[in-house]
Every structure is written in structure tokens, then in C-alpha cells.
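Take a look at the structure set out below.
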Amino acid sequence: MSGQELKITLKKTGISQSEIAKRLGVTPQTVSAYFMTREVSTSLLERLCGVLDVPMSYFYDGGEYAYMQESESLSRSDAQTAIAALSKELDYFREQNARLTDALLRLTDTHDAKEKTAV
1 MSGQELKITL
11 KKTGISQSEI
21 AKRLGVTPQT
31 VSAYFMTREV
41 STSLLERLCG
51 VLDVPMSYFY
61 DGGEYAYMQE
71 SESLSRSDAQ
81 TAIAALSKEL
91 DYFREQNARL
101 TDALLRLTDT
111 HDAKEKTAV
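Residue numbers (my numbering): 1 to 119.
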């Protein structure tokens, strides 16, 4: 997602640039700089998901993914862009899955240890 696409998507929330900056803990000038980037980082999108309480897919519903669903054929460049975007999102979900799996294993180990001491 480009900075310009991010700007358009955030505009749909109705939240001002100043308010977004405040929620992120940055200056409005920093948010403005985000809009100038060629490719928005996944970490920024993750932070925005947190402060706006939206899923990662929110940033793509009106962008590349929506275009992909409506289009019958893609140029090679569009396909490569879409694959890169999907790959980033897949990496994000893999990371989340690994974190949740680790947390669940720790909870299970803790529970098992408590049961053994209780017996």
C-alpha cells in the first residue's frame, strides 16, 4: 500500500490527521510523511490497526484486494504488487499465530505444573 492509498483509506475513517498522530504518539508532520512514502510498512499498518481498532484487511478492502476481486485479468505488474501485499499480510498472520501458540503452550505448561503440585 502506498502512502497516498493510506491517506485515502484513513480519510474514510473521519478521524483527523491530528487525531491519528495523537493516537500514534507522533506529530502530524510525521503522519504527513507517511502519506508521502512509496510503500507503507507493515509495522505502521499494525500500529494503525491497534489505534483504530480495525483488522489489517481494513486497509485493503478499498485498495488492491478489492481491485483484484473485480478484475478478470491482471497485468504482470499488478499481479506482482498484489502478491507482495498478500505475502506481507500472510507474514503478519504467521507471526501472530506463532505468538499465540507460544502463549498457549506457556499457559498449558503452567496449568500442568499447578495440577502436579496439587496432587
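A virtual CB, placed ideally from N, CA and C, is assigned to each residue, including glycine. These figures come from a predicted structure and were not determined experimentally.
Review point. For Leu52 versus Tyr34, is the C-beta spacing smaller than 8 Å?
Key: No, the pair does not count as a contact, with Cβ atoms beyond the cut-off.
Practice item. Decide if Met36 is buried, meaning its Cβ has at least 16 other Cβ atoms within 10 Å, or exposed. Key: Met36 is exposed by the Cβ-count criterion.
Check your understanding: Does the beta-carbon of Leu105 have 16 or more other beta-carbons within 10 angstroms, so that it is buried, or is it exposed?
Key -> Classification of Leu105: exposed, given that the 10 Å Cβ count is below 16.
**Study point:** Arg106 - DSSP class collapsed to helix/strand/coil
**Key:** If DSSP states are grouped into helix, strand and coil, Arg106 belongs with the helices.
Review point. In angstroms, rounded to a whole number, what distance separates the CA positions of Lys12 and Thr27?
Key: Roughly 20 Å separates the two Cα atoms.
Practice item. Specify the secondary structure class of Ile8 as computed by DSSP and reduced to three states. Key: Three-state result, Ile8: helix.
Exercise for review: In the DSSP assignment, find the unbroken alpha helix (DSSP H) run with Thr13 in it and report its ends.
Suggested key: It is not in any alpha helix (DSSP H) - Thr13 carries neither H nor E in the DSSP assignment.
Point to revise | Leu100, buried or exposed, once every other Cβ within 10 Å from all chains shown has been counted against 16 | key: Sixteen is the threshold: since fewer than 16 other Cβ atoms of the shown chains lie within 10 Å of the Cβ of Leu100, the residue is exposed.
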